[in-house]
Amino acid sequence: MADLRRVLGRAAAVAALLAGVVACSAAPSNQVAGAPRPDPATTWSDTVCGSVLAFANAATAPPDFAAATDLAAVQRSYSAYLGALVAGVREGRSALAAAGNPPVPDGYAVADRVRTGLIRLEQDMTGAQAMVDGADPADPRGFVTAVRQVEQTVLAIEVPDVVAELATVPELAAATRTAPTCRTVRTLAAAAPG
Numbered sequence: 006m007a008d009l010r011r012v013l014g015r016a017a018a019v020a021a022l023l024a025g026v027v028a029c030s031a032a033p034s035n036q037v038a039g040a041p042r043p044d045p046a047t048t049w050s051d052t053v054c055g056s057v058l059a060f061a062n063a064a065t066a067p068p069d070f071a072a073a074t075d076l077a078a079v080q081r082s083y084s085a086y087l088g089a090l091v092a093g094v095r096e097g098r099s100a101l102a103a104a105g106n107p108p109v110p111d112g113y114a115v116a117d118r119v120r121t122g123l124i125r126l127e128q129d130m131t132g133a134q135a136m137v138d139g140a141d142p143a144d145p146r147g148f149v150t151a152v153r154q155v156e157q158t159v160l161a162i163e164v165p166d167v168v169a170e171l172a173t174v175p176e177l178a179a180a181t182r183t184a185p186t187c188r189t190v191r192t193l194a195a196a197a198p199g
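Encoded structure:
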């Protein structure tokens with residue numbers, strides 16, 4: 006059980022770091038009444054950047070695995086956590102679809118790459134959840150081994166770098182510097198370990 010707590014404790018520490026950064030995304034806009042509205046490139050880029058925030062927010066709310074009374078409780082908690090991550094990715098995919106058509110022709114390729122990255126992220130997280138669900142809590146050694154495999158899988162997962170994708174298009178690169186959600190994502194990426 007101590008090995009399991011150590012493995013899961015590292016995931017909780019990363020999530021705690023992300024929590025502080027993502028909290029910045031809730032800050033009110035500096036938009037002044039009567040001020041000109043952002044241009045379409047900024048609005049679209051802001052929505053595209055927002056496609057990864059639901060996942061990041063879910064990642065900052067891991068359960069307290071140390072409070073679990075047995076391995077079955079750990080399994081339920083961990084599965085629910087991974088399920089919330091999957092739901093966050095799905096929400097992000099919906100947000101990306103809601104962004105609509107990009108305001109510049111080269112934006113279509115950006116949207117396709119982000120969409121592909123989110124699909125891959127969803128598949129990876131769904132696979133990780135299936136590994137946890139398939140672990141046998143009646144076999145402590147096997148269960149810890151399975152959780153370690155899940156940890157390695159989760160650590161290897163890459164969240165799409167939406168700001169970098171947007172930056173490949175000059176008109177959108179400029180927009181990411183003023184879009185509030187893109188600034189939050191940039192801050193989040195800078196604070197992430199490794």
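Residue numbers (the working numbering): 6 to 199. Positions of the beta carbon are idealized from the N, C-alpha and C atoms, including for glycine. In this text, all values refer to a predicted model and were calculated from it rather than measured experimentally.
Which word fits GLU127, buried or exposed, when buried means at least 16 other C-beta atoms lie within 10 angstroms of its C-beta?
buried
Counting C-beta neighbours from all protein chains within 10 Å, is the total for ARG98 16 or more, i.e. buried, or is it exposed?
buried
Over the uninterrupted alpha helix (DSSP H) stretch that includes ALA161, give me the two end residues.
145-161
For ALA258, collect the residues of the same chain with a Cβ closer than 6 Å to its Cβ; drop the 5 residues on either side in sequence, then sort them by chain order.
Nothing about residue 258 can be reported from this structure: the residues present for the chain run from 6 to 199 only.
What separation, rounded to the nearest whole angstrom, lies between the Cα atoms of PRO108 and PRO145?
54 Å
List the whole-angstrom C-beta distance separating ALA103 from THR52, where the pair is believed to meet the contact cut-off of C-beta under 8 Å.
7 Å
Which listed residue (VAL137, ALA143, ARG120 and ARG188) has its alpha carbon closest to that of VAL155
VAL137
Can you tell me where the alpha helix (DSSP H) holding ARG120 begins and where it ends?
112-139
Under a three-way DSSP split, which group does THR183 fall into?
coil
What is the DSSP secondary structure of PRO45, counted as helix, strand or coil?
helix
Are three or more beta carbon pairs between the region 161-170 and the region 180-192 nearer than 8 Å?
yes
Beta carbon of ALA172, beta carbon of THR47: below 8 Å?
no
Cβ shell of ALA20 (< 6 Å), same chain only, five flanking positions each side left out
Per-residue confidence for ALA20 stands at a pLDDT of 39, beneath the threshold of 50, marking its modelled position as unreliable; the derived number appears in the next sentence. Excluding sequence neighbours, ALA20 sits near ALA64, THR65 and PRO67.
Are there 16 or more other CB atoms within 10 angstroms of the CB of CYS29, so buried, or fewer, so exposed?
Low confidence applies to CYS29: its pLDDT is 34, below 50, so where it sits in the model is not reliable enough to give any reading.
Could you give the DSSP three-state label for ASN106: helix, strand or coil?
coil
Among ARG182, ALA92, LEU76 and MET130, whose alpha-carbon lies nearest the alpha-carbon of ASP44?
ARG182
Any idea what DSSP makes of PRO175, helix, strand or coil?
helix
Give the C-beta separation of LEU90 and MET130 to the nearest angstrom, bearing in mind that I take them to be a contact with Cβ-Cβ under 8 Å.
5 Å
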